[in-house]
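Colleague: According to this note's numbering, the sequence shown is numbered sequentially starting from 682. Heads up, the beta-carbon is just placed ideally off N, CA and C, and yes, glycines get one too.
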Amino acid sequence: MDFAVIPIEKVKAAFARALALNADREAAARAAAQALGITPEAVCEVVDQQEAHTA
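#1: Mapping the DSSP letters down to three states, classify residue 723 as helix, strand or coil.
#2: Grab me the residues of residue 724's own chain with a C-beta within less than 7 Å of its C-beta, minus the 5 sequence neighbours each way, in chain order.
#3: On the CB-based measure, 16 or more other CB atoms within 10 Å of its CB, does residue 699 come out buried or exposed?
#4: Suppose contacts are defined by Cβ-Cβ distances below 8 Å. Is residue 719 in contact with residue 689 by that definition?
#5: Please list the terminal residues of the continuous alpha helix (DSSP H) segment that includes residue 689.
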């Protein structure tokens with residue numbers, strides 16, 4: 682299995698674009714994950730970490 686490092690900024694940007702198209706966070710996470718070739722859980726982890734740091 683090949684692994685790639687995807688910058689956090691790229692994950693956040695993909696999630697933001699998906700969220701702009703669909704306000705459902707789970708759907709946006711799935712869409713971003715599919716676009717980046719990662720799991721929706723990984724997208725949620727990045728987004729949740731970011732929200733925890735800004736809260």
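Modeller: Taking the coordinates as given:
#1: helix
#2: 692, 696, 710, 713, 714
#3: buried
#4: no
#5: 689–702
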